[in-house]
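J.: Numbering (the working numbering), first residue to last: 81 to 191.
All C-beta atoms, glycine included, are put in the ideal place defined by N, C-alpha and C.
Supplied in structure tokens, the structure appears directly below.
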């Protein structure tokens, strides 16, 4: 199956999979470099996925990579997005009822 990630120049460039909503089905998370958005497709458990939800990664952020992990020990996967533009890393936590409750942008200082 082919799933759309949006119209125009969205350029999806990094994909990870994991069970974000704890329903024992694999979900897809991807970032779109030119559109500065992250998309999440929730798995239905039969090899198909729901329509996508879109989350902004910040104006002109140009998200480059994405990773999943439980950052705050709440037994829920959190999403970390590295952004090429803006020198930030986006942290999306507390995925509940199909959306993220907390979103944080961390500024990366030069070293």
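1. Using only alpha-carbon positions, find the residue among 164, 180 and 169 that is nearest to residue 113.
2. Just tell me which of 178, 98, 175 and 171 has its CA closest to the CA of residue 188.
3. Can you find the residues in the same chain that come closer than 7 angstroms, C-beta to C-beta, to residue 147, ignoring five residues on each side of it along the sequence?
4. Using 8 angstroms for Cβ pairs, my map puts residue 128 next to residue 120. What's the rounded Cβ distance?
5. Output the distance between the C-alpha atoms of residue 153 and residue 140, rounded to the nearest integer angstrom.
6. Go through its chain and collect everything with a Cβ distance to residue 169's Cβ below 8 angstroms, but skip five positions before and after it.
7. With burial defined as no fewer than 16 other Cβ atoms inside 10 Å of the residue's Cβ, what is the status of residue 142: buried or exposed?
8. Cα separation between residue 118 and residue 126?
9. Within its chain, find whatever has a CB closer than 6 angstroms to the CB of residue 27; leave out the 5 residues flanking it on each side and keep chain order.
10. Within 10 Å of its beta-carbon, does residue 178 have 16 or more other beta-carbons around it, so buried, or fewer, so exposed?
T.: Let me lay it out:
1. The shortest Cα separation from residue 113 among 164, 180 and 169 belongs to 164.
2. With distances taken between Cα atoms, residue 188 lies closest to 171.
3. Only 96 and 160 meet the Cβ criterion.
4. By a beta-carbon distance limit of 8 angstroms, residue 128 does not contact residue 120. Their separation comes to about 15 angstroms.
5. Taking the straight line joining both Cα atoms gives about 31 angstroms.
6. Taken in chain order, the residues that qualify are 160, 161, 162, 163, 185, 186 and 188.
7. Result: buried.
8. In a straight line, the C-alpha of residue 118 is about 23 angstroms away from that of residue 126.
9. An answer regarding residue 27 cannot be provided, because it is not within the stretch 81 to 191 covered by the chain.
10. Residue 178 is exposed by the Cβ-count criterion.
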